[in-house]
Every structure is written in C-alpha cells, then in structure tokens.
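All remarks here apply to the structure that follows.
Residue numbers (my numbering), protein chains in the order written: chain A, 1 to 112; chain B, 1001 to 1143.
And the structure:
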C-alpha cells in the first residue's frame, strides 16, 4: 500500500494505491493523522487505485473521520471500485460519508 | 479437505491468503467470489489472532477449503485458543453518525453479509468455524 498526498486549494487529496487490510491500515491511519496534526482539515480520499478494503481499513477511515470532526474538519471520498463501494455500503459508510465518482466532484464538495 | 496449519500471527496472513485464493482460482472462481472469500478469511483470521489467542504467542490456526459440491465453496478455520464465538457478537448499528459509531464489530458484520452460511462449534480443545459460499453459475469461469 502506498499513499500520496496532494494539496488542492483547501483540500488535501490522499491517493491510496494497493490494499487497506489488517497489515497496511495502521500505516494509512498514521500517515493521515500526521497531516491532520499539521493542521489539515479537509481530506479527500481518492480510492481509484485501492484494490481491497477490510474492516481494518474501515476502522482506520472511521478513526481519521472522528479525528477530523474534533477539529471541525471533514473527509470525503472519490473513485471507489465496485468492491470497495460494496464494503462501504454494507457497513453503512455510504450514508455516513460523501462519496463522489470523480475527484473534481469531491473537490467541488468543499468549495460549496 | 486440504489444510494449512501455521502459527496464528499477522505475518502469516499472506500465506493463508495465497493458499486459499490459489485454490479458489484453480477451481475457476470469478474475481467477485475471490474477493468475498478473501475478505471473510482476513476477518476471521484476525479475530482468531486478536481474540481467541488475544496476543498469546505460540497458538496455531488451521485453514482448509474445498468445493463441497459443484456450487459450494467451503472454508474451515480451526484454532486451539480460548472459547471465542464471533457469531455471538451483536452487529454494529450501521445507521449511526461518525461521532456515535463505535469502531468494533464491523468485521463479523462483513462476514455475515459476504458468506451464505457461517457456523461455529466449540470442540474439546478449540474453536471451529465453517463458512459456506454459494457459487453462482456465472462466477465459475472454468471447471
């Protein structure tokens, strides 16, 4: 799993390449937490290259969202594969979060 | 049923994963099915590591799988840890908001939704989970 961070306006886009499972999810959470501690408030998780997510990945996503909420920030998501979207949907994450089919739409979400 | 028995540690997740997925691929299961099987395997193995053995070193876990008939994939997971029935766990409330949502319980919720049948038995010296996946005709690429 690799993460790449890209600042676009107010938002920080985190692109995840690979898998968010019991092995890699803690790294993802640590990487994002570091950026949040540095003052980032608006994250966009670009999951275009995310191949797989398990409950460990969902837990890291939820922890990041909770941390952002504490500082009045937010996280939204874009470009989920059907597998990842299915797991999000079963877990109630599609109603809890804003999910977009493109990065542009996810960025617009923060401009409104 | 062919089985693979290894120490129950996170380092061995990948070995179990390639063992089960290798067989499932050989049996011609489509990516959709492979994904469900992979997810269920990870969730149940991490439960064994985190709860049945709860950080103890030295415990082992045995994973087996077979095609039960033309349309059922059978996955079996056995450990020798303390009694732990993941199915006894209540499903999380998936309608709660970000602040209210607890972080536990999602794994077994996913297992229940991905598999067609899951059974737990406490045997004399360990826990046995049997998981069954119905294979839709269109999910068999070649047999």
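For glycine and all other residues, C-beta sits at the position ideal for the given N, C-alpha and C.
Quiz item: Between residue 33(A) and residue 7(A), is the Cβ-Cβ spacing less than 9 Å?
Solution: For this step, residue 33(A) is matched to residue 33 along the first chain. For this step, residue 7(A) is matched to residue 7 along the first chain. No, the Cβ-Cβ distance between residue 33(A) and residue 7(A) is not below 9 Å.
Quiz item: Alpha carbon to alpha carbon, what distance is there between residue 3(A) and residue 122(A)?
Solution: This structure leaves residue 122(A) out entirely; chain A is present only between 1 and 112.
Exercise. Return yes when the Cβ of residue 1075(B) is within less than 9 Å of the Cβ of residue 1130(B), no when it is not.
Key: Your numbering for residue 1130(B) matches position 130 in the second chain. Your numbering for residue 1075(B) matches position 75 in the second chain. A contact, by the Cβ cut-off of 9 Å.
Self-check item: Where residue 1143(B) falls: helix, strand or coil (DSSP)
Solution: Along the second chain, read from residue 1 onward, the residue named residue 1143(B) stands at position 143. Below a pLDDT of 50, predicted positions are generally treated as unreliable, and residue 1143(B), at 48, falls in that range; no measurement from the model is reported.
Quiz item: DSSP state of residue 36(A), grouped into three classes?
Solution: The residue labelled residue 36(A) in the question sits at position 36 within the first chain. Residue 36(A) falls in the helix class under three-state DSSP.
Self-check item: Option in 56(A), 10(A) and 90(A) with minimal Cα separation from residue 1046(B)
Solution: Start at 1 with the first residue of the second chain, and residue 1046(B) comes out as number 46. Closest option to residue 1046(B), Cα to Cα, is 56(A).
Quiz item: What in chain B is Cβ-close to residue 23(A), meaning under 7 Å?
Solution: On the first chain, residue 23(A) is found 23 positions in, with the first residue counted as 1. Simply 1010 and 1013.
Quiz item: Taking Cβ-Cβ distances shorter than 7 Å, what residues in chain B pair up with residue 99(A)?
Solution: Here residue 99(A) refers to the residue found at position 99 when the first chain is read from its first residue. What residue 99(A) touches in chain B: nothing, since even the nearest Cβ is about 14 Å away.
Self-check item: Cβ-Cβ separation, residue 1110(B) to residue 90(A) (assumed contact under 8 Å), whole Å
Solution: Translated into positions along the first chain, residue 90(A) becomes position 90. Translated into positions along the second chain, residue 1110(B) becomes position 110. Their Cβ separation, rounded to whole angstroms, is 6 Å, which keeps residue 90(A) and residue 1110(B) in contact under 8 Å.
Exercise. Note down, in chain order, every chain B residue with its Cβ under 7 Å from the Cβ of residue 69(A).
Key: If you number the first chain from 1, residue 69(A) lands on position 69. Neighbours of residue 69(A) on chain B, chain order: 1098 and 1099.
Quiz item: Nearest-angstrom Cα distance between residue 24(A) and residue 1123(B)?
Solution: As a first step, residue 24(A) must be located in the first chain, where it is residue number 24. As a first step, residue 1123(B) must be located in the second chain, where it is residue number 123. Residue 24(A) and residue 1123(B) have their C-alpha atoms some 33 Å from each other.
Quiz item: Going by Cα to Cα distance, which pick from 1112(B), 1021(B) and 1138(B) is closest to residue 1064(B)?
Solution: One-based indexing of the second chain puts residue 1064(B) at position 64. Taking only the C-alpha atoms, the option nearest residue 1064(B) is 1021(B).
Quiz item: Counting contacts by CB-CB distance shorter than 9 Å, is residue 95(A) in contact with chain B?
Solution: To locate residue 95(A), count along the first chain from 1; it is residue 95. A Cβ of chain B is located within less than 9 Å of the beta carbon of residue 95(A).
Quiz item: Roughly how many angstroms lie between the CA atoms of residue 59(A) and residue 27(A), to the nearest whole one?
Solution: Counting from 1 along the first chain, the entry for residue 59(A) is found at position 59. Counting from 1 along the first chain, the entry for residue 27(A) is found at position 27. In this structure, the alpha-carbon of residue 59(A) lies about 12 Å from that of residue 27(A).
Quiz prompt | Near-chain B residues of the stretch 61-93 of chain A - C-beta to any C-beta below 8 Å | solution = Cβ contacts with chain B: 62, 63, 65, 66, 69, 83, 87, 90, 91 and 92.
Quiz item: When burial is assigned at 16 or more other CB atoms within 10 Å of the CB, is residue 1086(B) buried or exposed?
Solution: For this step, residue 1086(B) is matched to residue 86 along the second chain. Result: buried.
Quiz item: DSSP state of residue 1072(B), grouped into three classes?
Solution: Taking the second chain and counting its residues from 1, one reaches residue 1072(B) at position 72. Here residue 1072(B) sits in strand by DSSP.
Quiz item: So, does the CB of residue 1033(B) fall closer than 9 Å to a CB anywhere in chain A?
Solution: On the second chain, residue 1033(B) is found 33 positions in, with the first residue counted as 1. Put simply, the CB of residue 1033(B) is far from chain A, with every gap to its CB atoms at 9 Å or more.
Quiz item: Does the beta carbon of residue 1083(B) fall short of 8 Å from some heavy atom of the ligand ADP?
Solution: For the structure depicted, the ligand ADP is absent and the ligand set is empty, with no information on it obtainable.
Quiz item: Are any of the Cβ atoms in chain A nearer than 9 Å to that of residue 1135(B)?
Solution: The sequence position of residue 1135(B) within the second chain is 135, counting from 1. Using a Cβ-Cβ cut-off of 9 Å, residue 1135(B) does not count as an interface residue toward chain A, since no Cβ of chain A sits closer than that to its own.
Quiz item: When DSSP labels each residue in this structure, what does residue 45(A) get in the three-state scheme?
Solution: Taking the first chain and counting its residues from 1, the one referred to as residue 45(A) is at position 45. Three-state DSSP puts residue 45(A) in a strand.
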